[in-house]
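This report concerns only the one structure given below.
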Amino acid sequence: MKKLVLVIIVLSYIYVLSSCDEKHVAPSNVGTHVLGILQTLDTLSESNFEKHFISYNELHNTMSDIGAAARKAFYDAPLDKDSYAEAINDLYHQFKVGEMKNYITWKDMEYVDFEYRKYSDYGVTLIAGVLRFKNSKANYSIKIHWLSTPKTAGLLELFSFWEMNL
76 MKKLVLVIIV LSYIYVLSSC DEKHVAPSNV GTHVLGILQT LDTLSESNFE KHFISYNELH
136 NTMSDIGAAA RKAFYDAPLD KDSYAEAIND LYHQFKVGEM KNYITWKDME YVDFEYRKYS
196 DYGVTLIAGV LRFKNSKANY SIKIHWLSTP KTAGLLELFS FWEMNL
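Residues in the sequence shown are numbered from 76 upward in steps of one, following this note's numbering.
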């Protein structure tokens with residue numbers, strides 16, 4: 076009987092872990108998660124790139140739920156749906172242009188570190204950090220804003236990468 080209870084508990088635990096939303100990432104793992112996305116940029120389509128960002132509807136619903144004071148604290152860009160999608164698509168093209176100009180092969184990028192700050196209030200967590208990564212030719216960094224709520228999580232903003240000295 077004890078073994079049966081133990082098996083049920085273990086199977087329940089495995090089920091819960093496997094059904095977790097892959098968008099919910101621990102703050103310390105956001106950097107490696109985002110680098111994983113960047114490493115697929117060589118073959119990632121524009122529409123699939125957009126799927127890694129929190130959707131406009133999710134963002135809008137979150138901001139509606141938390142009230143005006145909290146909106147100012149977390150995200151003060153009054154974008155409409157088309158402007159939001161356009162901003163993400165522009166970012167995708169900036170990465171692709173940077174890739175061509177700098178002869179970057181994204182899959183060759185290696186993680187260096189991710190420094191971040193975590194801001195939590197009103198049931199919303201914002202991870203603001205700098206991801207550092209490199210290849211054999213240069214070192215790069217990129218600023219990341221990751222938004223997480225009990226209902227959803229995802230990239231909110233990426234700021235264009237730049238070459239740097241580590």
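All C-beta atoms, glycine included, are put in the ideal place defined by N, C-alpha and C. Bear in mind that the values here come from a model prediction, so they are computed numbers and not experimental data.
Supposed close pair residue i, residue j - CB separation, criterion 8 Å
| i | j | result |
| --- | --- | --- |
| Phe208 | Tyr186 | 6 Å |
| Phe128 | Leu230 | 4 Å |
Residue span of the alpha helix (DSSP H) that contains residue i, given as start and end
| i | result |
| --- | --- |
| Phe128 | Taken as a continuous stretch (DSSP letters only), Phe128 belongs to no alpha helix (DSSP H), as it is neither H nor E. |
| Thr273 | Nothing in the structure corresponds to residue 273, since the chain is present only between 76 and 241. |
| Gly198 | No alpha helix (DSSP H) contains Gly198, which DSSP labels as neither H nor E. |
| Asn164 | Lys156 to Lys176 |
Straight-line gap, residue i to residue j (C-alpha atoms, nearest Å)
| i | j | result |
| --- | --- | --- |
| Asp188 | Leu233 | 16 Å |
| Leu110 | Ser139 | 30 Å |
| Asn131 | Ala101 | A small fix is needed here, since residue 131 is Tyr in this sequence, not Asn. One C-alpha to the other measures close to 22 Å. |
Backbone secondary structure at residue i - three-state DSSP
| i | result |
| --- | --- |
| Val100 | coil |
| Asp183 | helix |
| Leu134 | helix |
Unbroken beta strand (DSSP E) run spanning residue i, endpoints
| i | result |
| --- | --- |
| Tyr215 | Asn214 to Ser223 |
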